[in-house]
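S.K.: For the sequence shown, my numbering assigns the number 28 to the initial residue and increments by one for each residue that follows. Where a beta carbon is used, it is the ideal one built from N, C-alpha and C, also for glycine. Just so it is clear, the structure is predicted and the values come from calculations on it, not from any experiment.
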Amino acid sequence: MRISLISGAALMLAASAALADEGHGRAADQDGAVLSAAAADGTRAAFDILAAHAHRKGNLVTFHMTTNGEAGAEVPEATGAVGGAGVLSYVWPTSLDPSAVGFEGGTGILALAATSHPDFDDTPLYDENQDGDPANDGVVWHSHWVVLTPTEACGPGALAVRDIPEGETPQLPATWPGFPIFLDSPGFSPVFDGPEIAVTAAFGREVALEGAAYDGVTAALRVNADIHAPLLCVTDVFDVASGDLSLPGKL
28 MRISLISGAA LMLAASAALA DEGHGRAADQ DGAVLSAAAA DGTRAAFDIL
78 AAHAHRKGNL VTFHMTTNGE AGAEVPEATG AVGGAGVLSY VWPTSLDPSA
128 VGFEGGTGIL ALAATSHPDF DDTPLYDENQ DGDPANDGVV WHSHWVVLTP
178 TEACGPGALA VRDIPEGETP QLPATWPGFP IFLDSPGFSP VFDGPEIAVT
228 AAFGREVALE GAAYDGVTAA LRVNADIHAP LLCVTDVFDV ASGDLSLPGK
278 L
């Protein structure tokens, strides 16, 4: 398992990102937000998107979302096993190349995700529940960069987090947690406030952020019961802010 140590500078960057631009307001109230009507089909309120928005301050980008209920109020039920484990997520797909955060370039859709999953922990560098054990807190909402790709093995037209086939060594971020998928655990803390969720992400100063496109999605994922490729499939899309994943939002 390849888990790189974070430098002190990276830790400081993550801390500053978590605190950046507090009090910006609801996503639904921002100019240029991707707006979505309240669902009339029984979509769970905590995952019914009313608006998605992203804004930048230097090399920090705050992704936030307004929902029709209390964001983050629901977490998956524990199954007691990693195989078949469920994941709930708030996701911001972007037009940025995966190389913007340290993945191999040209490998899929780079998305920021806030996730909860009680059956496994994929943030080995962080102790989200602050109990002294960094390996037991997957249920606490936390952030990931993921690279998504169309994966027919997950179902017609379905997406999955890109797998890393055995023997391949693609470029990966320093905070890759060791799972054989394009998943990063950067330590950016999701912030919840009633119907709002916000995550502030830090980028290298060389990354061109101006005009980057984004969207908002709420979804469920599931670990393959055999813990084999494809490892992590998107199994249910609750809502898409644009309605068609066209990434109409612009930084």
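(1) Any idea what DSSP makes of PHE230, helix, strand or coil?
(2) If we call anything under 7 Å between Cβ atoms a contact, is ASP158 one with PRO204?
(3) With DSSP as the reference, label GLY126 as helix, strand or coil.
(4) Look up HIS82 in the DSSP assignment and give the residues it is bridged to.
(5) How would you write the range of the beta strand (DSSP E) that ARG249 sits in, first residue to last?
(6) Between which two residues does the beta strand (DSSP E) harbouring ASP220 extend?
(7) Taking the beta strand (DSSP E) that TYR153 falls in, what are its first and last residues?
(8) Kindly indicate which three-state DSSP category PHE74 falls into: helix, strand or coil?
(9) Following a CB-centred definition, is ARG232 positioned closer than 6 Å to any heavy atom of the ligand NAD?
(10) Which residue wins for smallest C-alpha separation from ASP73, given the options ASP220, LEU210, ARG249, CYS260?
(11) Using the rule of at least 16 other Cβ atoms within 10 Å of the residue's Cβ for burial, across every protein chain shown, is THR196 buried or exposed?
(12) From PRO192 to LEU258, what distance separates their C-alpha atoms?
(13) With PHE265 as the anchor, note down where its beta strand (DSSP E) starts and where it stops.
(14) Give the straight-line distance between the Cα atoms of LEU152 and PRO161, rounded to the nearest whole angstrom.
(15) Compute the Euclidean distance between the alpha carbons of GLY99 and LEU236, then round it to the nearest angstrom.
M.R.: For this structure:
(1) coil
(2) no
(3) Gly is not the amino acid found at residue 126; the sequence shown has Ser there. If DSSP states are grouped into helix, strand and coil, SER126 belongs with the helices.
(4) THR89
(5) 244-250
(6) Run containing ASP220: 218-220, per the beta strand (DSSP E) assignment.
(7) First-last for TYR153: undefined, no H or E at that position.
(8) helix
(9) Absence of the ligand NAD is noted for the structure shown, with no ligands found whatsoever.
(10) In the sequence on display, residue 73 carries Ala and not Asp. It is ASP220 whose Cα lies nearest to the Cα of ALA73.
(11) exposed
(12) 11 Å
(13) 259-267
(14) 7 Å
(15) Rounded to whole angstroms, GLY99 and LEU236 show a C-alpha spacing of 28 Å.
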